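Enquirer:
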Amino acid sequence: MPATHTHTPAHPTPTTAGTQPRNRARTKAKARARAASAAMSAALITLASATTASAAPTASMSATTVSPGGRVGLNLQGCGTRTGRVTSTAFGELQLTPGNLESTTLIGTAQVYRDARSGAHAVVFECGGAGGERVTLTLQVTSGAARGGTGGSISGVSPTEIAIGGSLAAGALGAGIWLLRRRATTH
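Residues in the sequence shown are numbered from 0 upward in steps of one, following numbering that gives the first Met the number 0.
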């Protein structure tokens with residue numbers, strides 16, 4: 000039978016006496032903590048990716064009723080892709096892009112055809128382009144011309160109020176010119 004030899008220092012130094020078992024225990028405890036942390040991280044990542052993968056995409060529009068020639072803001076969330084596509088008989092096909100470099104929301108703006116027929120039009124959002132996950136919304140096109148210009152922002156202003164505002168602006172302009180000329184002649 001061969002003899003086994005273990006090396007033990009004959010005279011342990013004060014700094015190493017009794018510290019080896021303690022260091023091994025600490026090392027093992029640290030390794031167990033790292034392994035548990037890695038396992039928890041992996042579980043959280045798996046859970047997060049499973050939640051993201053199973054969540055259906057959602058879509059929204061800035062308006063659900065619009066006149067021919069009007070604009071509609073389009074948003075698509077939850078795709079997990081950096082591109083998307085929207086199609087409708089009201090405005091054709093449009094590519095959606097992220098709002099910024101870190102955004103997961105895909106956005107775009109569509110202009111409804113000026114000769115679009117009145118009524119309901121399906122708006123089909125697709126994640127990643129043709130063949131991706133789909134969300135369908137309805138856009139109602141109303142008859143009549145599209146409102147342009149001020150968009151109704153001056154609907155409650157009377158001619159008297161316009162005249163008063165104009166005279167105040169002219170008075171302020173005249174006072175400013177008078178002050179500038181007066182300073183120029185005194186120096």
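The C-beta atom is built at its ideal place from N, Cα and C for all residues, glycine as well. These numbers were taken from a predicted model, which means no experiment stands behind them.
The beta strand (DSSP E) with C126 in it runs from where to where?
Expert: Element bounds for C126: G118 to C126.
Enquirer: Just to confirm the assignment, what range does the beta strand (DSSP E) spanning A109 have?
Expert: That run of the beta strand (DSSP E) goes L105 to Q110.
Enquirer: Hey, T108 and L73 are a contact pair by Cβ (cut 8 Å); roughly how many whole angstroms apart?
Expert: Contact flag correct, Cβ pair sits at about 7 Å.
Enquirer: Which whole-angstrom value describes the C-beta separation of G127 and T86, a residue pair presumed to lie in contact below a C-beta threshold of 8 Å?
Expert: At roughly 14 Å, the Cβ-Cβ gap does not stay under 8 Å, so G127 and T86 are not in contact.
Enquirer: Tell me whether P158 is buried or exposed, calling it buried when 16 or more other Cβ atoms sit within 10 Å of its Cβ.
Expert: With fewer than 16 other Cβ atoms within 10 Å, it is exposed.
Enquirer: Taking the beta strand (DSSP E) that L100 falls in, what are its first and last residues?
Expert: Per DSSP, L100 belongs to no beta strand (DSSP E) and is neither H nor E.
Enquirer: In the DSSP output, which residue or residues are listed as bridge partners for L59?
Expert: A small fix is needed here, since residue 59 is Ser in this sequence, not Leu. Partner(s): N74.
Enquirer: May I have the straight-line CA-CA distance separating T88 from M60, to the nearest angstrom?
Expert: Distance between the alpha carbons of T88 and M60 is about 15 Å.
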